[in-house]
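Visitor: Residue numbers (this note's numbering): 18 to 303. Backbone N, C-alpha and C fix where the C-beta goes; we use that ideal spot for every residue, glycine too. Note that the structure is a prediction, hence the values are computed from the model and not measured.
(1) Starting from residue 246 and walking both ways along the beta strand (DSSP E), at which residues does that stretch end?
(2) Measure the C-alpha to C-alpha separation of residue 105 and residue 222 and round it to an integer number of angstroms.
(3) By alpha-carbon positions, which one of 88, 167 and 66 ends up nearest to residue 141?
(4) Which term fits residue 56, buried or exposed, when burial requires 16 or more other beta carbons within 10 angstroms of its beta carbon?
(5) Quick test of your reading: residue 218 and residue 238, contact by CB under 8 Å. State the CB separation rounded to the nearest angstrom.
(6) Within 10 angstroms of the Cβ of residue 77, are there 16 or more other Cβ atoms? Answer buried if so, exposed if not.
(7) Using 8 Å as the threshold, is the C-beta distance between residue 280 and residue 66 below it?
(8) Checking 8 Å against the spacing of the C-beta atoms, do residue 4 and residue 241 come in under that value?
(9) Give the DSSP bridge partners of residue 54, in chain order.
(10) Relative to the alpha-carbon of residue 131, which residue among 208, 20, 107 and 116 has its alpha-carbon at the smallest distance?
(11) Since I believe residue 254 is in contact with residue 245 (beta carbons under 8 Å), could you give me their beta-carbon distance rounded to a whole number of angstroms?
(12) Do you know whose CA, among 184, 26, 171 and 41, lies nearest residue 62's CA?
(13) Assess, as a yes-or-no matter, whether the segment 117-124 is touched by the segment 88-95 under the definition of 3 or more beta carbon pairs within less than 8 Å.
(14) Roughly how far, in whole angstroms, is the beta-carbon of residue 275 from the beta-carbon of residue 287, given that I think they are within contact range, below 8 Å?
(15) Express the C-alpha separation of residue 161 and residue 201 in angstroms, rounding to a whole number.
(16) For residue 127, which residues in the same chain have their Cβ closer than 6 Å to its Cβ, ignoring the five residues on either side in sequence?
(17) Which residues bound the alpha helix (DSSP H) around residue 208?
(18) Quick check on this structure: which residue in 263, 144 and 103 has the alpha carbon closest to the alpha carbon of residue 133?
(19) Can you list the beta strand (DSSP E) stretches of 3 or more residues lying completely in the segment 82-137, in chain order?
(20) Only counting the same chain, and skipping five residues up and downstream in sequence, which positions put a Cβ closer than 7 Å to that of residue 226?
(21) Measuring straight from C-alpha to C-alpha, what distance separates residue 195 and residue 45?
What follows is the structure in structure tokens.
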């Protein structure tokens with residue numbers, strides 16, 4: 018069975034892996050002033066942050082349109098028997114909902130499973146990679162859905178920010194709002210919990226925040242794969258990679274940039290770690 022795998026630009030899967038696994042990406046959009054960009058396609062994370070600094074304002078971000086999903090699904094249907102489409106948490110974006118609407122518009126002409134990752138970045142990316150691995154093996158759609166849902170439950174995301182201001186201004190602060198009143202000098206550790214941003218630890222310096230991040234990751238019972246995601250201007254990426262090296266070997270570790278959409282909410286200097294607790298996904302080889 019030929020099953021196409023679709024995700025969105027917030028999965029943060031590096032380009033070489035997208036190409037290797039044949040994953041199709043629908044970009045979210047950003048609007049800065051009168052300019053509109055496709056996330057990670059017509060604007061890079063570094064250029065995006067340069068424009069934010071120059072304009073002094075954050076962009077408006079929006080989900081892909083229903084029509085954009087519908088067009089891709091119909092195109093893929095010409096060469097595939099089914100589609101699995103896995104997306105950013107429905108509690109953070111309308112992307113998942115628009116994918117569902119596109120599926121419904123196609124009205125059964127093609128089997129399409131749309132899944133809510135209940136997370137973001139590589140905690141979305143790992144289930145997508147698991148689905149793509151299974152699709153390459155010719156597994157049926159029903160099996161892909163079951164095992165991808167399992168992979169969603171095995172994917173965790175934790176991250177640190179220099180300030181909560183970007184999450185607050187972008188309206189994605191979730192339960193982290195609980196610490197806003199005391200956060201002026203904090204470098205908080207956050208996680209995605211039940212699809213929303215939630216606080217994990219309050220730290221007052223970046224070195225302590227990094228140490229807390231490493232400690233949290235070390236407490237996961239199993240680390241099949243690991244990813245480190247960096248916003249533009251993030252420091253300490255190599256230090257974090259070195260500290261986590263004992264938990265997961267390089268061949269099972271991904272270093273990647275946060276997409277411009279996610280970077281706009283995390284802010285410059287943000288660092289994230291995604292842990293996949295399932296059976297390791299082979300990232301290298303044929």
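Guide: In brief:
(1) Against the chain shown, residue 246 aligns to sequence position 229. Boundaries of the beta strand (DSSP E) harbouring residue 246: 242-247, taken from the DSSP string.
(2) For the purposes of this step, residue 105 is taken as the residue at position 88 of the chain shown. For the purposes of this step, residue 222 is taken as the residue at position 205 of the chain shown. Residue 105 and residue 222: Cα-Cα distance of roughly 30 Å.
(3) Locating residue 141 in the chain shown gives position 124, where the first residue counts as 1. Checking every option, the nearest Cα to that of residue 141 belongs to 167.
(4) Taking the chain shown and counting its residues from 1, the one referred to as residue 56 is at position 39. Counting Cβ neighbours within 10 Å, residue 56 comes out buried, since at least 16 surround it.
(5) The residue you call residue 218 lines up with position 201 of the chain shown. The residue you call residue 238 lines up with position 221 of the chain shown. A Cβ-Cβ distance of about 19 Å is found for the pair residue 218 and residue 238, leaving them out of contact under the 8 Å criterion.
(6) The sequence position of residue 77 within the chain shown is 60, counting from 1. Its Cβ having fewer than 16 others within 10 Å, residue 77 is exposed.
(7) Start at 1 with the first residue of the chain shown, and residue 280 comes out as number 263. Start at 1 with the first residue of the chain shown, and residue 66 comes out as number 49. It is a contact, given that the beta carbons lie within the stated cut-off.
(8) Because the chain here runs from 18 to 303, residue 4 falls outside it and cannot be looked at.
(9) Here residue 54 refers to the residue found at position 37 of the chain shown. 47.
(10) Here residue 131 refers to the residue found at position 114 when the chain shown is read from its first residue. Closest by alpha carbon: 116.
(11) The residue given as residue 245 occupies position 228 in the chain shown. The residue given as residue 254 occupies position 237 in the chain shown. In this structure, residue 245 and residue 254 form a Cβ contact; the two beta carbons are roughly 6 Å apart against a cut-off of 8 Å.
(12) Along the chain shown, read from residue 1 onward, the residue named residue 62 stands at position 45. The option with the nearest alpha carbon to residue 62 is 26.
(13) Flag = yes, the segment 88-95 and the segment 117-124 touch.
(14) Locating residue 275 in the chain shown gives position 258, counting from the first residue. Locating residue 287 in the chain shown gives position 270, counting from the first residue. Contact between residue 275 and residue 287 holds, with the beta-carbon distance rounding to 7 Å and staying under 8 Å.
(15) Here the question's residue 201 lines up with position 184 in the chain shown. Here the question's residue 161 lines up with position 144 in the chain shown. Reliability of the predicted coordinates at residue 201 is poor, the pLDDT of 48 falling under 50, and the value obtained from them is presented with this limitation in mind. It is roughly 45 Å from the alpha-carbon of residue 201 to the alpha-carbon of residue 161.
(16) Mapped onto the chain shown, residue 127 falls at position 110. Closer than 6 Å at Cβ, skipping near neighbours: 94.
(17) As a first step, residue 208 is located in the chain shown; it is residue number 191 there, counting from the start. It is not in any alpha helix (DSSP H) - residue 208 instead sits in the beta strand (DSSP E) that spans 206-210.
(18) As a first step, residue 133 is located in the chain shown; it is residue number 116 there, counting from the start. Taking each of 263, 144 and 103 in turn and checking the Cα distance to residue 133, the smallest one comes out for 103.
(19) Whole beta strand (DSSP E) segments, 3+ residues: 99-104 and 129-133.
(20) Along the chain shown, one-based indexing puts residue 226 at 209. Once the five neighbours on either side are set aside, the close Cβ partners of residue 226 are 177, 204, 206 and 220.
(21) Counting from one through the chain shown, the residue named residue 195 turns up at place 178. Counting from one through the chain shown, the residue named residue 45 turns up at place 28. With a pLDDT of only 45 at residue 195, under the threshold of 50, the placement of this residue in the model should not be trusted; the figure read from the coordinates follows. Each residue's alpha carbon lies about 28 Å from the other.
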